[in-house]
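>
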Amino acid sequence: MPIPLIASDHHLAHDGLIELVAGRPVPCYEMPQRVTAIRDALMATDNYALDAPTDHGPDPIAAVHALEVIDLVEHAWSDAIAAGRDPGQPLLPDTFLLREYAGPMPLERMPLGRHDRLGAFCFDTATPIVAGTASAARAAVDIALTTLDRVLDGAPVAFGLCRPPGHHAGRRLIGGYCYFNNAAIVAEAVLARGAQRVAILDVDFHHGNGTQQIFWDRGDVLYGSLHGDPSAIYPYFSGHASERGGGAGEGLTLNLPLPPETDGDAYLGALEEGLAAIRAFEPDAPVVLSLGLDTYHADPICNLALETSDYARIGNAVASLGMPVVAILEGGYAIEALGANAVSFLGGLADSTVGFSA
Ligand code: SP5
Ligand code: ZN
């Protein structure tokens, strides 16, 4: 059986993106070629069935995100154009509404133009909005939900080529190239369809601060993440091992920070801890996999040391759970290697005949 690969071209217009790195504008690492490269490499293997997403409407997004941030993503661009902003320049926040801003003061109201509200909802200078951003973000959610549909219909594994990615987006927060949290929306949707417990495994190089925040105090969602140590790695303010969830979710957040230059063997060792937590949680739903490929040794903005062959071992270790997997694309910026790394990962994930985990 071919592996369902869900993709669309809506993301192509989320382009021309600029981010500020240490105050300097650079072309955004999160570019359309990422998805094109992965799609083409997977389709060249004959093991995948490419399919378009179906429209799931706005409700699954509103089940995870506050209406005010959905409204911002949808309308910041048109408000900016109406206000006379240059349509050739992406929107980035320049004035941030930090907790410290208000202190004891009341905040009476938001600015009128939604482009002027960006700093109230975006936590970095790397999450630009252009004309095509809202429709790309909506399409990415439809891709994620269609990927879930394929697995609920019986596919053991399906892969959604979501772009923009999602795991840095919180309930009323965008950032880290992310607008809507595709993986969180899938987890919430599977619970809405009757599941009791869903596990999200996040193997992107960065901590999924948004996913962690959304499910922090939830007893029905396990969030486990392997990532660069936030002591010196973006997003800096979350992802320490001491963050373990709160309330009904206490113990259901598992952070496994990794040192620079972590290689495949060390990575697989840490992954076993995450997989053990998932087994102990006994999900009754497919595992949601936040699949970033920015753990690669040559990724331009990350510092782990994984090789292409390591991804097959990681995929195989995840397959050893014996649970269906909804794989959702997150980051990965070494364009020239993304295709081979995705082929390796998905090959390992789909191959349940080889056991790498003892
Ligand atoms: C989805 C995802 O992977 N988002 C990551 C967003 C990271 N954005 C900021 C990265 C800052 C990295 N600075 C490193 C400079 C390397 N020369
Ligand atoms: Zn990442």
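Counting in the numbering used here, the sequence shown runs from 103 upward without gaps. We put the CB at the ideal spot given by N, CA and C, even for glycine.
#1: Using 8 Å as the Cβ pair cut-off and three pairs as the minimum, do the stretch 162-175 and the stretch 278-295 touch?
#2: Taking the beta strand (DSSP E) that residue 327 belongs to, which residues open and close that run?
#3: In this structure, how does DSSP classify residue 304 when only helix, strand and coil are distinguished?
#4: Identify which residue in 367, 229 and 427 has its Cα closest to the Cα of residue 408.
#5: Would you mind sorting residue 94 into buried or exposed? The rule is 16 or more other CB atoms within 10 Å of its CB.
#6: Which residue's Cα is closest to the Cα of residue 295: 220, 189, 250 and 350?
#7: When you measure from the CB of residue 432 to every non-hydrogen atom of the ligand ZN, does any distance come out below 8 Å?
#8: Using only alpha-carbon positions, find the residue among 436, 403 and 390 that is nearest to residue 420.
#9: Taking DSSP as the reference, what is the three-state secondary structure of residue 355?
#10: Return the chain-ordered ranges of every beta strand (DSSP E) run that is complete within the stretch 221-246 and spans a minimum of 3 residues.
#11: For residue 264, verify whether its CB is less than 8 Å away from any heavy atom of the ligand SP5.
#12: With a threshold of 9 Å between beta-carbons, can residue 280 be considered close to chain B, or not?
#13: Would you say the stretch 436-443 touches the stretch 393-401, given that touching needs at least three Cβ pairs under 8 Å?
#14: Classify residue 444 as helix, strand or coil using the three-state DSSP reduction.
#15: Assign residue 133 to one of two classes, buried (16 or more other C-beta atoms within 10 Å of its C-beta) or exposed (fewer than that).
#16: Which stretch, first to last residue, makes up the alpha helix (DSSP H) that contains residue 312?
#17: Count the C-beta pairs between the stretch 152-163 and the stretch 181-192 that are closer than 8 Å, then say yes if the count reaches three, no if not.
#18: Given 8 Å as the limit, tell me if residue 278 has its C-beta closer than that to any heavy atom belonging to the ligand ZN.
#19: Take residue 459 and list the residues in its own chain whose beta-carbon comes closer than 6 Å to its own, dropping the five residues that flank it on each side.
#20: Helix, strand or coil for residue 193, going by three-state DSSP, please let me know.
#21: At what residues does the beta strand (DSSP E) containing residue 262 begin and finish?
#22: Does the beta-carbon distance from residue 336 to residue 304 come in below 9 Å?
#23: From 270, 351 and 299, pick the residue whose C-alpha is nearest to that of residue 329; which is it?
#24: Can we say the stretch 305-319 touches the stretch 340-349, given the rule of at least three CB pairs closer than 8 Å?
#25: Are the beta-carbon atoms of residue 162 and residue 297 separated by less than 9 Å?
#26: Where do the N-terminal and C-terminal ends of the beta strand (DSSP E) with residue 392 fall, by residue?
#27: Whole angstroms is fine: what's the gap from residue 149's alpha carbon to residue 358's?
#28: Residues in its own chain within less than 6 Å of residue 425 by CB, not counting five upstream and five downstream?
#29: So the beta strand (DSSP E) residue 106 belongs to, where does it begin and stop?
#30: Can you tell me which residues form a DSSP beta bridge with residue 151?
#31: Beta carbon of residue 105, beta carbon of residue 452: below 9 Å?
#32: Can you list, in chain order, the residues of its chain with a C-beta nearer than 8 Å to that of residue 274? Leave out the 5 residues immediately preceding and following it.
#33: Under 8 Å from any heavy atom of the ligand ZN, does the C-beta of residue 404 make it?
#34: Specify the secondary structure class of residue 272 as computed by DSSP and reduced to three states.
So, to answer that:
#1: yes
#2: 323-330
#3: strand
#4: 367
#5: The question about residue 94 has no answer here: the residues shown for the chain are numbered 103 through 460.
#6: 250
#7: yes
#8: 390
#9: strand
#10: none
#11: no
#12: Among the chains in the structure shown there is no chain B, since it carries only a single protein chain.
#13: yes
#14: helix
#15: buried
#16: 311-317
#17: no
#18: yes
#19: Note on residue 459: pLDDT 38, under 50, position unreliable in the model; no value is reported.
#20: strand
#21: 259-262
#22: no
#23: 270
#24: yes
#25: no
#26: 389-393
#27: 32 Å
#28: 389
#29: 105-108
#30: 106
#31: yes
#32: 167, 168, 170, 171 and 223
#33: yes
#34: strand
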